[in-house]
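Chains as they are written, first to last, in the working numbering: chain A, 38 to 542; chain B, 68 to 509. The structure appears right after this line, and notes come after that.
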Amino acid sequence: MPLPTSDTPLIFETGRDGRANRYLPEGPPLETLLPRGDLRDELPLPDNSELDVVRHFTRLSHKTFGIDTGFYPLGSCTMKYNPRINDASANVPALRDLHPFAPDATAQGALAVMWELERALASLFGMAAFSLNPAAGAHAELTALLIAKAYFRARGEAQRNVVVVPDTAHGTNPASAAMVGFKVLSLKSDARGRVDPDELRKVVGPETAVCMMTNPNTLGLFEPRIHEVSDVVHEAGGLMYYDGANANALMGNTRPGDMGFDLMHLNLHKTFSIPHGGGGAGAGPVGVAAHLVDYLPTPIVRAFDADGRDADAPGWRESADLTFALDFERPKSVGTMRSFWSNFAHMVRALAYCYANGADGLERVSKLAVLNANYVRCAIRDVVDVPYDEINRHEFVASAQSLKRETGVRALDLAKALLDRGYHAPTVYFPLIVPECLMIEPTETESKETLDGFVAAFREIVEAAKRDPESVLRTPVDTPVGRIDETRAARQPDLRWRPAATATT
Amino acid sequence: MLAAIGVESLDELVRVPDAVALRAPVEVTPQLSEIEIAERFRRFADRTTAAGYDAFLGAGAYRHYVPPVVGAIAMRGEFLTAYTPYQAEVSQGYLQAIYEWQTYVALLTGLDVANASVYDGATALAEAAIMAVNATGRKRILVSRAVHPNYRAVLRTYAEGLELDVEELPYGPDGRTDVSALDEALAANDVAAVVVQSPNFFGAIDALPAAAAQRAKAAKAIVIGVVAEALSLAALATPASWGAEICAGEAQSFGNAVAYGGPHVGFIAATEAHLRRIPGRLVGKSVDGSGRSAYVLTLQAREQHIRREKATSNICTNQAHCALCATIYLAAMGKSGLRDCAALNVARASELRAKVVALDGFVAKFDAPVFNEFVVRVPGRGADVLRALERKKILGGLDLGRFYPELDDCILMTATELTTSAQIDRFADALAEIPVRAAAHV
């Protein structure tokens with residue numbers, strides 16, 4: 038189904054004075070309320086009728102591809118279906134309109150949501166405690182590295198300033214390390230795409246602070262020697278950090294805590310079915326093992342039973358008979374990471390997802406995610422390179438290297454051709470260690486029919502590339518625009534509309 | 068499917084070494100049907116009793132009227148379930164909306180460029196400080212004590228990682244930043260940024276005076292203007308007009324719920340000179356192969372997925388959907404609606420302040436002009452007064468003693484266009500009745 042191709046004028050170009058919507062009573066003139074010197078001269082914004090606003094954004098939505106539009110196998114992003122009960126739960130007025138400074142006594146339901154989720158995550162991933170404070174995955178990485186920094190400082194080991202990152206890692210890992218002043222040591226993966234504990238042993242030492250890993254790694258491969266990796270890092274005095282971007286692969290199967298990780302984050306917007314909304318908001322709870330609990334960012338939700346006793350023992354517990362409080366008084370904490378306590382509406386969504394699945398359901402989620410990814414790999418391995426052709430987890434990596442050599446058609450071209458056929462493209466050119474890389478993550482919510490449709494389209498594109506490469510190189514043609522001149526966008530940055538009167542030439 | 072893969076069972080696909088097998092059973096929630104989930108959240112809502120209170124809370128999170136059109140459009144599945152628009156050809160709609168958002172922020176702040184969003188106001192400030200540090204090669208940040216305490220706390224958290232020096236400027240008796248100490252603080256020419264917020268945490272309009280802005284400029288320090296109540300931008304002189312080269316703000320007020328603290332939507336705007344230091348996503352306008360105008364993520368060489376440890380920030384996920392809500396809100400409200408809304412906020416706050424300070428023992432703490440919140444000195448401790456009001460189903464504001472020990476007899480009170488005159492009257496009556504005067508001194 039082709040998306041519309043016509044240009045949509047900017048909202049700034051369509052407005053006319055006098056088309057204001059009467060949402061509010063008229064306000065008194067500002068000049069009568071505040072000193073003129075404190076006021077702005079003009080407000081150069083358009084007035085549009087509500088109908089024009091609705092048509093404008095509806096048109097824009099028609100030129101936007103979401104999971105609701107079609108299959109979205111974007112590797113590393115876990116684009117699973119986002120159940121609408123999650124949003125309905127987040128939109129319950131009492132929760133939606135709760136002010137962050139409302140006294141704890143009037144916010145018990147919201148605190149119960151946070152507490153239940155913290156506990157569910159701790160059990161599911163084998164951590165002693167979670168903080169829901171960080172706003173996204175990268176923000177959580179920064180949080181965790183600040184925890185590590187504070188921990189080592191408290192132990193008199195402030196010299197530990199090196200973060201070891203496998204060469205398959207997400208770009209946020211080294212970028213987060215830089216934000217806490219840590220040096221980054223990139224570790225080469227072995228021929229099987231894994232971290233070799235023996236190689237790791239050669240580079241760790243008294244300066245090692247943290248080893249950041251994800252498992253399965255970004256190639257979709259499980260690191261079978263992860264416990265040895267943890268031992269090597271721990272013996273050197275360092276901490277193990279689990280990047281939870283790939284957590285959809287292992288729920289109910291194994292846990293970061295059981296693998297020896299001391300710190301971790303989750304991308305709730307991936308694993309816990311929170312809509313990604315075009316790039317956010319996300320949510321990045323950070324979990325820690327027992328020795329790091331005191332360093333978690335504030336606030337933490339505390340629970341008390343009817344006798345006022347601390348109710349924070351491990352395991353699931355109903356929240357109905359407990360009372361809750363936000364705890365800001367944590368002297369060893371790294372501090373707070375954001376304006377307010379958490380991306381709370383997303384905590385509601387994540388908890389709704391936990392309820393919809395329960396422990397058994399979440400285990401099944403991961404198993405089916407792995408099944409779907411392996412099914413797609415096996416269905417295309419004969420027409421495209423699969424550099425690590427073995428049982429993978431929730432995603433796998435293919436490569437267009439041979440195809441490019443034979444036909445000139447690259448990974449990017451395959452991606453664009455898929456867009457024409459109504460599929461979102463996989464992640465391309467990541468991880469960096471695989472040339473002409475296509476990273477495919479179908480997720481568990483797709484049916485066999487959808488996967489078969491994708492496979493057929495993929496195979497057909499490869500066939501077309503061999504028969505008539507030009508037909509693939511010129512894609513996409515059925516999208517609102519064709520390939521975009523990115524060089525021009527970067528060289529002559531046009532990042533905003535300007536009113537005609539002040540437009541510069 | 069298993070046969071196609073060549074395995075016999077699902078378990079075979081997910082087998083792990085014994086060394087990392089589960090050490091204890093996973094215990095999460097019980098599994099519920101959808102109708103039971105809805106019931107469960109109704110119970111959570113019932114326990115969230117604040118919904119039944121009249122609230123005069125703001126302090127960085129504001130309840131405003133959100134026209135239903137915002138939710139109706141923003142919740143369209145195409146917007147809601149899209150990822151970051153890496154594949155621009157099938158993301159033109161979202162990219163255009165972000166370009167419009169960047170334009171709105173630029174026009175509202177008076178600055179040249181704005182990014183696609185950051186997490187919230189506090190992290191916007193932290194990222195803006197990093198921009199200033201990178202621009203100047205200096206590590207000293209001067210921040211007004213009248214900047215939101217949580218924003219300053221986050222700045223300190225980030226500063227710990229980057230080993231920056233954060234020093235505070237005092238506030239004066241009128242509730243504005245006291246810039247008299249600025250000369251001395253800037254004397255060594257080693258300050259990266261001077262940070263002020265307007266309206267500040269006390270509600271006071273706190274634009275940096277021209278002389279102070281010039282002094283900062285002469286010392287090659289960058290002025291960062293913080294805006295925690297974005298609606299004020301519709302009425303007040305722009306941060307650019309009072310010398311801010313970077314504006315770090317929070318736009319929750321534009322069409323986003325307070326939602327117990329998030330998600331909200333931070334923004335960063337700056338002069339052209341700082342363009343390549345801006346963190347996060349930027350959408351640019353270009354053309355496609357046939358010359359049609361087209362939007363695309365641009366200047367990505369700043370970003371973590373390209374530059375890794377040399378990136379301007381580690382940010383990846385931002386607050387795109389909140390920014391979309393804000394864009395739809397701004398489009399629907401238009402300049403007329405925004406002006407009305409801003410004026411109503413000033414008027415309601417002024418009405419509330421007049422009623423409260425007319426009561427015996429309640430005094431306006433500061434006299435600088437305010438936008439939609441203000442500080443009242445109460446007879447007794449602020450916390451005690453608020454607790455007494457709670458018993459009357461009123462959340463009377465924020466106890467400032469929580470953040471400023473010297474202001475433990477002060478409350479920050481907020482009114483918006485949603486605050487009615489009837490609520491204001493009830494509030495004043497309740498204040499007049501509570502027996503705090505006696506209780507406060509025991």
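Where a beta carbon is used, it is the ideal one built from N, C-alpha and C, also for glycine.
Kindly provide the ranges of any beta strand (DSSP E) runs that are 3 or more residues long and lie completely inside the region 339-381 of chain B, ordered along the chain.
350-354 and 360-364
Assigned exposure category for THR541(A) - 16 Cβ within 10 Å defines buried:
Low confidence applies to THR541(A): its pLDDT is 47, below 50, so where it sits in the model is not reliable enough to give any reading.
Would GLY38(B) pass as a contact of ILE478(B) if the rule is Cβ separation under 7 angstroms?
Examination of residue 38(B) is not possible in this model, given that chain B is present from 68 through 509 alone.
Return the CA-CA distance between LEU158(A) and ARG469(B), expressed in angstroms with no decimal places.
Going from the Cα of LEU158(A) to the Cα of ARG469(B) covers about 31 angstroms.
Can you check DSSP and say which residues form a bridge with THR291(A)?
ALA88(B)
Segments of 3+ residues assigned as beta strand (DSSP E) that fall wholly inside the region 349-420 of chain A:
360-364
Between the C-alpha atoms of ALA311(B) and PRO152(B), what's the straight-line distance to the nearest angstrom?
31 angstroms
Beta-carbon proximity of SER213(A) to GLU178(A), cut-off 7 angstroms:
yes
Residues of the region 370-391 of chain A whose Cβ lies closer than 9 angstroms to any Cβ of chain B, in chain order:
Under the 9 angstroms Cβ criterion, the region 370-391 of chain A contributes VAL371, GLY372, THR373, MET374, ARG375, SER376, PHE377, TRP378, SER379, ASN380, PHE381, ALA382, HIS383, MET384, VAL385, LEU388, ALA389 and CYS391.
Distance check for THR190(B) and VAL294(B), CA to CA, integer angstroms please.
Each residue's Cα considered, the two are about 12 angstroms apart.
Is it buried or exposed, HIS328(A), if we count other Cβ atoms within 10 angstroms and call 16 or more buried?
exposed
Can you pull the chain B neighbours of ALA149(A), defined as C-beta to C-beta under 8 angstroms?
Neighbours of ALA149(A) in chain B, taken as residues at a C-beta separation under 8 angstroms, are given in chain order as PHE111 and ARG114.
Under a Cβ-count criterion, where at least 16 other Cβ atoms within 10 Å of its own Cβ denotes burial, should PHE365(A) be classed as buried or exposed?
exposed
Collapsed DSSP secondary structure at ALA259(B) in the structure displayed:
strand
Looking at chain A, which residues of the region 350-372 of chain B have a Cβ within less than 9 angstroms of any of its Cβ atoms?
VAL350, GLY351, LYS352, SER353, VAL354, ASP355, GLY356, SER357, ARG359, SER360, ALA361, TYR362, VAL363, LEU364, THR365, LEU366, GLN367, ALA368, GLU370, GLN371 and HIS372
Is ARG430(A) closer than 7 angstroms to PRO253(A) when the C-beta atoms are compared?
The Cβ-Cβ distance between PRO253(A) and ARG430(A) falls below 7 angstroms.
Taking the alpha carbon of ALA301(B) as the point to measure from, which residue in SER265(B), ALA285(B) and ASP427(B) has its own alpha carbon closest?
SER265(B)
Quick check: LEU300(A) and ALA181(A), are their CB atoms within less than 7 angstroms of each other?
yes
With a threshold of 7 angstroms between beta carbons, is LEU256(A) in contact with chain B?
no
According to the neighbour-count rule (16 or more other Cβ atoms, all chains shown, within 10 Å of its Cβ), is ALA279(B) buried or exposed?
buried
Counting C-beta neighbours from all protein chains within 10 Å, is the total for SER379(A) 16 or more, i.e. buried, or is it exposed?
SER379(A) counts as buried, since no fewer than 16 other beta carbons sit within 10 angstroms of its beta carbon.
Along chain B, which residues have their Cβ under 7 angstroms away from the Cβ of TYR60(A)?
TYR132, PRO134, MET400 and GLY404
Chain A contacts made by the region 142-162 of chain B, where a contact means CB separation under 9 angstroms:
Using a CB distance below 9 angstroms, the part of the region 142-162 of chain B facing chain A consists of MET142, ARG143, GLY144, GLU145, PHE146, LEU147, THR148, ALA149, TYR150, THR151, PRO152, TYR153, GLN154, ALA155, GLU156, VAL157, SER158, GLN159, GLY160, TYR161 and LEU162, ordered along the chain.
Under 9 angstroms Cβ-Cβ, which residues of chain B neighbour VAL601(A)?
An answer regarding residue 601(A) cannot be provided, because it is not within the stretch 38 to 542 covered by chain A.
Hey, would you say the C-beta of ALA368(B) is under 6 angstroms away from at least one heavy atom of the ligand FAD?
This structure does not include the ligand FAD; it has no bound ligands of any sort.
Under 8 angstroms Cβ-Cβ, which residues of chain B neighbour LEU456(A)?
GLN154, GLU156 and VAL157
Could you have a look at CYS114(A) and say whether DSSP puts it in helix, strand or coil?
For CYS114(A), the three-state secondary structure derived from DSSP is coil.
Which chain A residues sit within Cβ distance under 7 angstroms of HIS331(B)?
Close to HIS331(B), with beta-carbon spacing below 7 angstroms, are these residues of chain A in chain order: SER376.
In this structure, how does DSSP classify SER223(A) when only helix, strand and coil are distinguished?
Looking at SER223(A) - three-state DSSP - the assignment turns out to be strand.
Strictly under 7 angstroms for the Cβ-Cβ distance: is ALA540(A) near chain B by that measure?
The pLDDT assigned to ALA540(A) is 48, lower than 50, so where the model puts this residue is not dependable; a value taken from the coordinates is nonetheless given after this. No - not a single Cβ of chain B is within 7 angstroms of the one on ALA540(A).
What is the rounded straight-line gap between the Cα of ALA284(A) and the Cα of LEU462(B)?
41 angstroms
Name the chain A residues that come within less than 8 angstroms of ASP187(B), Cβ to Cβ?
ALA172, ARG375, SER376 and PHE377
Considering Cα atoms alone, identify which of PRO66(A), ILE311(A) and LEU305(A) is closest to ASP280(A).
LEU305(A)
Grab the span of the beta strand (DSSP E) containing TYR279(A) for me, first residue to last.
276-281
Taking DSSP as the reference, what is the three-state secondary structure of GLN281(B)?
helix
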